[in-house]
Every structure is written in C-alpha cells, then in structure tokens.
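Trainee:
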Amino acid sequence: RCIFANNATLGGHVTVDDFAIIGGMTAVHQWCIIGAHVMVGGCSGVAQDVPPYVIAQGNHATPFGINIEGLKRRGFSKESLHAIRNAYKLLYRSGRTLEEVKPEIEAIAQQHSEVQPFYDFFTRSTRGLIR
C-alpha cells in the first residue's frame, strides 16, 4: 500500500504507515515513524517523525502542507479535509508549541474521526515531529 521511488532508503526500525509515498533518493533516519498518507518529496532527509497526512520535503525534511490530492483520491470528504487542514494549521502555523495546541486538536478529533490518527500520532512519536 506504500510507494517507494528509486533509491528511497530506510534506516533500521523505521515504521511506515499505510498509503505513504517516499520520493526517490530519500533517506529516513533509524527509528523514525512516517504516518499514514504522508508524501515525502524526492532527495529529502527525514530525521524526525512525520505526522499523518503531511507533505514533507528537504534536508532536513520540513512540513509543506497536507497531502490533499492523495486524501481526495482515498475518498476523504470535504469536511474531513477541512478538519485535517485546521489541525495542521494549529500545529504548524499557529506559532505555538505542541503542548499548547494538543487540547484544540483533540477537540477537533472528537468531532471528526479522520483527525484522530493525527492526534494519536503525538503519543506514538519517539524522535519528535518535523517542524
């Protein structure tokens, strides 16, 4: 269910969740977690965990938004996409820490089940989230 392009390299004990896409010449550091529906651009270096639904690129990988096209292809509704985008904006665009935005993201997750994997990822993360 995942796509790995040419020369995508995973270090030891890396976890890659369903429907992830890893671009060519990308290296993922050991013990990292790549969330569901993530897209990592080519020639990237991933040294921290990438939450579900996120597009990441660069060396070191940084978030560039939500994998909207991939989620549409998987049948996510407009309401779900909007809720996921709101959770993403809280985490990455509000200028606040993870601990500060967790309660707000949890509230969104309680109303929209598609946001729950994004929220649950915070407790799974072992290397910290890309920022």
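Per the working numbering: the sequence shown = residues 293 to 423. For every residue, glycine included, the Cβ atom is placed at its ideal position computed from N, Cα and C. Values in this document were obtained by computation on a predicted structure and should not be read as measured data.
1. From which residue to which residue does the beta strand (DSSP E) around G357 run?
2. Exposed or buried, D341, counting other C-beta atoms within 10 Å across all chains shown (16 or more means buried)?
3. Hey, out of G362, A319, I325, whose CA is closest to G420's CA?
4. Quick check: the Cα distance between A379 and N298, rounded to an integer number of angstroms?
5. Which runs of the alpha helix (DSSP H) at least 4 residues long sit entirely within the stretch 358-420? Give them in chain order.
6. If P409 sits next to P344, beta carbons under 8 Å apart, how far is it from one beta carbon to the other, in whole angstroms?
7. Would the beta-carbon of A312 fall within 8 Å of that of S336?
8. Could you spell out the range, first to last residue, of the beta strand (DSSP E) harbouring I347?
9. Helix, strand or coil for T307, going by three-state DSSP, please let me know.
10. Going by other Cβ atoms of all chains shown within 10 Å of its Cβ, with 16 needed for buried, is G327 buried or exposed?
11. Between L302, D309, I295, which lies nearest to R416 when the distance is taken from Cα to Cα?
12. Can you find the residues in the same chain that come closer than 8 Å, C-beta to C-beta, to K364, ignoring five residues on each side of it along the sequence?
Mentor: So, to answer that:
1. By 1-based counting over the sequence shown, the position of residue 357 is 65. Counting along the chain, G357 sits inside the beta strand (DSSP E) bounded by residues 354-358.
2. Locating residue 341 in the sequence shown gives position 49, counting from the first residue. Per the 10 Å Cβ criterion, buried.
3. The residue given as residue 420 occupies position 128 in the sequence shown. The shortest C-alpha to C-alpha distance from G420 to any of G362, A319, I325 is the one to I325.
4. Looking up residue 379 in the sequence shown gives position 87. Looking up residue 298 in the sequence shown gives position 6. When rounded, the separation of the alpha-carbon atoms in A379 and N298 is 32 Å.
5. You should have 360-365, 370-384, 390-403, 408-416.
6. Your numbering for residue 409 matches position 117 in the sequence shown. Your numbering for residue 344 matches position 52 in the sequence shown. Contact between P409 and P344 holds, with the beta-carbon distance rounding to 5 Å and staying under 8 Å.
7. The residue labelled residue 312 in the question sits at position 20 within the sequence shown. The residue labelled residue 336 in the question sits at position 44 within the sequence shown. Here A312 is not near S336, since their CB atoms are 8 Å or more apart.
8. Position 55 of the sequence shown, counted from the start, is the residue given in the question as residue 347. In this chain, the beta strand (DSSP E) harbouring I347 covers 346-349.
9. On the sequence shown, residue 307 is found 15 positions in, with the first residue counted as 1. Strand, per DSSP.
10. Locating residue 327 in the sequence shown gives position 35, where the first residue counts as 1. Burial call: buried.
11. The count along the sequence shown starts at 1 and reaches residue 416 at position 124. Nearest in C-alpha terms to R416, of all of L302, D309, I295, is D309.
12. Taking the sequence shown and counting its residues from 1, the one referred to as residue 364 is at position 72. Cβ neighbours of K364 beyond the five flanking positions: L373.
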